[in-house]
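Student:
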Amino acid sequence: MTEFESAEDDLTVVLVHGAFADASSWSAVVAQLLAAGLDVRAVANPLRGLAADARYVADLAADMPGRVLLVGHSYGGAVITNAAGQLANVAGLVFVTAFAPDAGESLTAIVERFPDTLMGPALRQTELRDGHGDKVVELSIDRAQFPAVFAADVPATIAAVMAASQRPIALAGFVEASGEPAWQVLPSWYLVAADDQAIHVDAQRSMAQRAGSHIAETAGSHAVMVSQPTAVADVILTAARTLRRKES
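Numbering (the working numbering), first residue to last: 136 to 383.
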């Protein structure tokens, strides 16, 4: 029997990716969590706007049996911060080099308080029509700059694939004000990626401290779940073990 395969382990880990990525970015982390016996779901974050994305993740998690540990990378951290407050079955939060906004705060406002990173100059805007025919502004990362911004410690061939397959995010995701943060009432863990060129390391540390998170830190790019899946899995496993002890 693996570590979490017992009758009392009713915890489901829900992995929420951020902007410019997709659920496959969690693949190596998922493999390690499954090997430990945890039930895992890597969901497809719509990236259409903070409130809408939080509702989507909350609706998915509400149908899962037992308790849920929400894990968010990058923009996904803002999504779980808002989704968890809509749920009765969330036991904790894990932020992976992620945004953890306070009430009324936008991600743009957070970024502007800290030193610049490579992300800002690399962003490209595209106007598209939504399902109602209305214009929507989407953001993506310039493909030539993607490796340096997002995945500097990922092998070049893999970073090129990530750049080509990146999922753009609606501008609304960055400018919408966040709701009441679930980290005020739930235990949380935060993995800081010290070499991140998308979210400044000072911003990460500040948000983690404000949220009262248990903080771990590793050298790594913004794509730390791809380049260092064991570091990411270790934080999630630590959270799961802690929540299991509290339940028993």
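The beta carbon of each residue, even a glycine, is placed where N, CA and C say it ideally should be. The model shown is predicted, which means the values in this text are computed figures rather than measured ones.
Write down the C-beta distance between residue 374 and residue 227 rounded to the nearest angstrom, noting that I regard them as a contact closer than 8 Å.
Tutor: Indeed, because the Cβ distance is near 6 Å, the residues count as touching under 8 Å.
Student: With a cut-off of 8 Å, do at least 3 Cβ pairs link the segment 292–301 to the segment 207–225?
Tutor: Touching, no, given that fewer than three Cβ pairs across the two stretches are closer than 8 Å.
Student: Roughly how many whole angstroms lie between the Cα atoms of residue 149 and residue 220?
Tutor: Going from the Cα of residue 149 to the Cα of residue 220 covers about 15 Å.
Student: Apart from the five residues just before and just after residue 348, which ones in its own chain have a Cβ nearer than 6 Å to its Cβ?
Tutor: Closer than 6 Å at Cβ, skipping near neighbours: 323, 324 and 325.
Student: Starting from the C-beta of residue 177, find all residues in its chain whose C-beta is less than 7 Å away, skip the five residues before and the five after it, and write them out in chain order.
Tutor: So the list reads 150, 158, 161 and 165, once near-sequence residues are dropped.
Student: To the nearest angstrom, how far is it from the Cα of residue 268 to the Cα of residue 378?
Tutor: Approximately 46 Å between the Cα atoms of the pair.
Student: Starting from residue 147 and walking both ways along the beta strand (DSSP E), at which residues does that stretch end?
Tutor: Run containing residue 147: 146–151, per the beta strand (DSSP E) assignment.
Student: So, for residue 245: in the same chain, excluding its five sequence neighbours on each side, which residues have a beta-carbon less than 8 Å away from its beta-carbon?
Tutor: Around residue 245: 234, 236, 338 and 342.
Student: Using the beta-carbon count (16 or more within 10 Å), is residue 142 buried or exposed?
Tutor: With a pLDDT of only 44 at residue 142, under the threshold of 50, the placement of this residue in the model should not be trusted; the figure read from the coordinates follows. Answer is exposed; the Cβ neighbour count stays below 16.
Student: Relative to the C-alpha of residue 313, which candidate in 184, 363, 357 and 366 has its C-alpha closest?
Tutor: Of the listed residues, the one whose Cα sits closest to residue 313 is 184.
Student: Measure the alpha-carbon distance for residue 358 versus residue 285 and round it to whole angstroms.
Tutor: When rounded, the distance between both Cα atoms is 6 Å.
Student: In terms of residues, what are the limits of the alpha helix (DSSP H) holding residue 223?
Tutor: Taken as a continuous stretch (DSSP letters only), residue 223 belongs to no alpha helix (DSSP H), as it is neither H nor E.
Student: Quick check on residue 276: does DSSP put it in helix, strand or coil?
Tutor: Strand at residue 276.
Student: Tell me the rounded alpha-carbon separation between residue 155 and residue 315.
Tutor: Approximately 25 Å, taken between the alpha carbons.
Student: Residue 332 to residue 288, Cα distance in whole Å?
Tutor: Rounded to whole angstroms, residue 332 to residue 288 spans 11 Å at the Cα level.
Student: Apart from the five residues on each side of it in sequence, which residues of its chain come closer than 7 Å, Cβ to Cβ, to residue 363?
Tutor: Cβ within range, chain order: 353 and 355.
Student: With burial defined as no fewer than 16 other Cβ atoms inside 10 Å of the residue's Cβ, what is the status of residue 365: buried or exposed?
Tutor: When all chains shown are included, residue 365 counts as exposed.
Student: Could you tell me whether any non-hydrogen atom of the ligand MG is closer than 8 Å to the CB of residue 357?
Tutor: With respect to the ligand MG, the structure offers nothing, as it holds no ligand at all.
Student: Counting only runs of 3+ residues fully inside the segment 240–305, write out the beta strand (DSSP E) ranges in chain order.
Tutor: Those beta strand (DSSP E) runs which fall completely within the segment 240–305 and span 3+ residues are 258–264 and 270–276.
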